[in-house]
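To keep things clear, I will list the structure first and then write my remarks on it.
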Amino acid sequence: MSKLLSAIQQNREWVLQDWVQRLRQAVRRRDLISDRELESEASEIFSVIDSVPAGTTLEDFGSAGWQPLKEMLAALSISRATAGFTPSETAIFVLSLKPTLFALARQNWSKDANDLFVEVSVANDFVDKLALYTTDSYIHGRDQVIARQQEEMLELSTPVVTLWDGIVALPLIGTLDSARTQVVMESLLQAIVQTNSRFAIIDITGVPTVDTLVAQHLLKTITAARLMGAECIISGIRPQIAQTIVHLGINLEDVITKAKLSDAFRLALERSGRKVTRADKANGSVAAAPRGV
Amino acid sequence: MRTTGTVQKTETVPIQSSSDVVVVRQRVRAWTTDMKFSLVEQTKIITAASELGRNTLEHGGGGKMELSLVVNGARQGIQLCFSDQGPGIADIAQALKDGYSTGQGMGLGLSGSKRLMNEFEIDSKPGVGTSITAIRWK
Numbered sequence: 001m002s003k004l005l006s007a008i009q010q011n012r013e014w015v016l017q018d019w020v021q022r023l024r025q026a027v028r029r030r031d032l033i034s035d036r037e038l039e040s041e042a043s044e045i046f047s048v049i050d051s052v053p054a055g056t057t058l059e060d061f062g063s064a065g066w067q068p069l070k071e072m073l074a075a076l077s078i079s080r081a082t083a084g085f086t087p088s089e090t091a092i093f094v095l096s097l098k099p100t101l102f103a104l105a106r107q108n109w110s111k112d113a114n115d116l117f118v119e120v121s122v123a124n125d126f127v128d129k130l131a132l133y134t135t136d137s138y139i140h141g142r143d144q145v146i147a148r149q150q151e152e153m154l155e156l157s158t159p160v161v162t163l164w165d166g167i168v169a170l171p172l173i174g175t176l177d178s179a180r181t182q183v184v185m186e187s188l189l190q191a192i193v194q195t196n197s198r199f200a201i202i203d204i205t206g207v208p209t210v211d212t213l214v215a216q217h218l219l220k221t222i223t224a225a226r227l228m229g230a231e232c233i234i235s236g237i238r239p240q241i242a243q244t245i246v247h248l249g250i251n252l253e254d255v256i257t258k259a260k261l262s263d264a265f266r267l268a269l270e271r272s273g274r275k276v277t278r279a280d281k282a283n284g285s286v287a288a289a290p291r292g293v
Numbered sequence: 001m002r003t004t005g006t007v008q009k010t011e012t013v014p015i016q017s018s019s020d021v022v023v024v025r026q027r028v029r030a031w032t033t034d035m036k037f038s039l040v041e042q043t044k045i046i047t048a049a050s051e052l053g054r055n056t057l058e059h060g061g062g063g064k065m066e067l068s069l070v071v072n073g074a075r076q077g078i079q080l081c082f083s084d085q086g087p088g089i090a091d092i093a094q095a096l097k098d099g100y101s102t103g104q105g106m107g108l109g110l111s112g113s114k115r116l117m118n119e120f121e122i123d124s125k126p127g128v129g130t131s132i133t134a135i136r137w138k
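Protein chains in written order, with this note's numbering: chain R, 1 to 293; chain D, 1 to 138.
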């Protein structure tokens, strides 16, 4: 059994100092972390290693005695991930403990090569496991950030706006994959019910690629809206999208399409029996808003 | 596939999930912009890549796309090669018919992307996999 842990506990002052020394050289992100923070983190982690319950060994990293250390490392790497450290910058924090432990082993067991080798390989395995654990936690932290951003994007991406009494518009932006389209479709149908709209304009100016899947999603949304008594107009079909749709062979003939959102809006106003007119200048009034007839 | 030109540079994009199809579109967009294709041509190539990439994922169970710059004399072109180790296509002629689909789609992806590209070749063996090579010349 390794005597390294007891050697660490006997030489705690020296080990901590040596580690902090190496940390100062290894961690070159003074913009993100100061020397003092680095030192206090190192001493916190070291005190956990120092005070593991009796019977815990360096060889058995899976044992319950190391749980507090794992929790501390996980919290540390998640905070590193959010602060903008790279994975290697995060791992180097733990890895720089390795030369310190090697030096300690050398001081204590340099007389017997066999003993020295045993202690060095124990130190090596232990620090490697710490580093792997740190990297895993770092990636977990990143995954959490990504998952949160994805959720935020889903929420942000579907604003249904009311253009006029009975006319809603849905400006679509970005990639339309199945998950997003489902949210888009639901929020549009919901808005049609809530606002009692008879016209819904789907604007695809911000959709970079319209392939058969996107077209199919659009057609399904239009059919669903039609079932609810609302008529859909697709606007924002750019020349390159129009040509691509023709080559793909997608049939949009049953759907009312317009090049611009303003054209679609004008059509919706006309169909609902409204007309936009310029106010008579002689009356001195400002340009009047369209009025329901 | 018969050699229609010399390959100048290549890039491989893995296709394992639907977010990889987004990467496929982005890479093809970057390549076609670099090669100074017109906006219409860019959109056509990207749309074809999107269709074929989704086929690789849904029918082939995942695979990869290999992007290459091909040169034939004075002509320059972009070559997209999608390959998978999926079940393969039993009847290629039928698969290329408009409106034929084994999935839930519109059945226009394969035939449509053939129309969007200049050269199009399907190499498929049932049980072994499918590889589709498509070229668009400038």
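For each residue, glycine too, the CB sits at the ideal point set by N, CA and C. The structure presented is a predicted model; accordingly, all values stated were derived computationally and were not measured.
Inset, instruction - Indicate whether at least one CB of chain D lies closer than 8 Å to the CB of R/S249. - result: Per the sequence shown, residue 249 of chain R should be read as Gly rather than Ser. Yes, because at least one Cβ of chain D sits closer than 8 Å to the Cβ of R/G249.
Legend entry - CB contact below 8 Å: D/M106 versus chain R: yes
Inset, instruction - Please check if any C-beta of chain D sits within less than 8 Å of the C-beta of R/Q216. - result: yes
Inset, instruction - Tell me, please, whether the stretch 79–90 of chain R touches the stretch 132–152 of chain R by the rule of three or more beta-carbon pairs shorter than 8 Å. - result: The stretch 132–152 of chain R and the stretch 79–90 of chain R touch, with three or more beta-carbon pairs separated by less than 8 Å.
Legend entry - Any C-beta of chain R under 8 Å from that of D/G112: Taking 8 Å as the CB threshold, D/G112 lines the interface with chain R.
Legend entry - C-beta neighbour in chain B for D/S50, strict 8 Å: This model lacks chain B altogether; the protein chains it does include are R and D.
Legend entry - Where R/E253 falls: helix, strand or coil (DSSP): coil
Inset, instruction - Using a Cβ-Cβ cut-off of 8 Å, state whether R/L213 counts as contacting chain D. - result: yes
Legend entry - Nearest to R/A268 (by Cα), restricted to the options R/T181, R/I146 and R/I202: Checking every option, the nearest Cα to that of R/A268 belongs to R/I202.
Inset, instruction - State yes or no: is the beta carbon of R/T257 nearer than 8 Å to at least one beta carbon in chain D? - result: no
Inset, instruction - Would you check if the stretch 56–75 of chain D and the stretch 21–35 of chain D touch, i.e. whether three or more CB-CB distances between them fall below 8 Å? - result: yes
Inset, instruction - Might you give, ordered along the chain, the residues of its own chain that have their beta carbon closer than 8 Å to the beta carbon of D/K97, omitting 5 neighbours on each side? - result: Cβ within range, chain order: G107 and S111.
Inset, instruction - Determine the DSSP secondary structure at R/G65, reduced to helix, strand or coil. - result: helix
Inset, instruction - Note down, one range per segment and in chain order, each alpha helix (DSSP H) of at least 4 residues found wholly within the stretch 164–218 of chain R. - result: Those alpha helix (DSSP H) runs which fall completely within the stretch 164–218 of chain R and span 4+ residues are 178–195.
Legend entry - Where R/L104 falls, given that 16 or more other Cβ within 10 Å makes a residue buried: buried
Inset, instruction - In the DSSP assignment, find the unbroken alpha helix (DSSP H) run with D/E51 in it and report its ends. - result: Under the DSSP assignment, D/E51 falls in the alpha helix (DSSP H) whose first and last residues are L39 to E58.
Legend entry - Contact between the stretch 103–120 of chain R and the stretch 36–43 of chain R (3+ Cβ pairs under 8 Å): no
Legend entry - CA nearest to the CA of R/G206, picked from R/I234, R/G55, R/R271 and R/E71: Looking from the CA of R/G206, the closest CA among R/I234, R/G55, R/R271 and R/E71 belongs to R/I234.
Legend entry - Cβ-based neighbour list, D/S113, same chain, cut-off 6 Å, excluding 5 preceding and 5 following: Cβ within range, chain order: A48, E51 and L52.
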